[in-house]
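>
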Amino acid sequence: MPGRRGKRFRVTSLIPVGFIGAGARFTAELIDISTSGCLLRCTPDQVKLGSSGRLGIQVGYETMRVAAVAKRVVPGQGVAFEFSHMYPHDRELLRRLIMWISTGKPVGE
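The sequence shown begins at 64 in my numbering and counts up by one.
1) For A143, which residues of its own chain have a beta-carbon under 7 Å away from its beta-carbon, when the five flanking residues on both sides are left out?
2) For D108, count the other beta carbons within 10 Å of its own beta carbon; 16 or more makes it buried, fewer makes it exposed. Which is it?
3) Among I78, I83 and L77, which residue has its Cα nearest to the Cα of V132?
4) Based on DSSP bridge pairs, tell me the residues matched to E115.
5) Could you name the residues of the same chain whose beta carbon sits closer than 6 Å to that of M64, not counting the 5 residues immediately before and after it, in chain order?
6) Between D95 and V129, is the Cβ-Cβ spacing less than 8 Å?
7) Whose C-beta lies closer than 6 Å to the C-beta of G119 among residues of the same chain, with five residues either side of it excluded?
8) Can you check which of these residues, E145, T90 and S97, is closest to L112 by C-alpha distance?
9) Secondary structure at Q121, three-state DSSP: helix, strand or coil?
10) If you draw a straight line from the alpha carbon of L156 to that of T106, how long is it in whole angstroms?
Written out as structure tokens, the structure is:
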């Protein structure tokens, strides 16, 4: 896909994700994640494309919080979100999460 910035890592265990945005609040399942976004198992009626909000993903004993935009619907799977803003600590938590997903070993807990 043109414009893709990060390698996707498929999640093999249940990782819940919370979303809070204008007119939308739900919990979904993480399908895959990269350094630039993620795919959530949710329905398009839960969030409108182009909607901005905050995602919360549990990483060990901490919660990664990131601003994200709903970008596209992936038929039969869910909705893809692009990360739009992240603080350095949350970027480190994302790095740990990707390391855990890709190796199966927790990092820095």
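Yeah, the Cβ is synthetic: ideal placement off N, Cα and C, and Gly gets one too.
Nothing here was measured: the structure is a model prediction, and the numbers come from that model.
Working from what's here:
1) Excluding five sequence positions before and after A143, the CB atoms of its chain that fall closer than 7 Å to its own CB belong to G100, L102, K134, R135 and V137, given in chain order.
2) Looking at its Cβ environment, which holds fewer than 16 other Cβ atoms inside 10 Å, D108 is exposed.
3) The shortest Cα separation from V132 among I78, I83 and L77 belongs to I83.
4) Note on residue identity: the sequence assigns Ser, not Glu, to residue 115. Answer is V132.
5) For M64, the predicted structure reports a pLDDT of 43, less than 50, and the residue's modelled location is therefore unreliable. A value from the coordinates is still provided. Correct list: empty, nothing qualifies.
6) No, Cβ-Cβ distance for D95 and V129 is not below 8 Å.
7) G81, T126 and R128, listed in sequence order.
8) Out of E145, T90 and S97, E145 has the C-alpha closest to the C-alpha of L112.
9) DSSP, read as helix, strand or coil, puts Q121 in strand.
10) Each residue's alpha carbon lies about 26 Å from the other.
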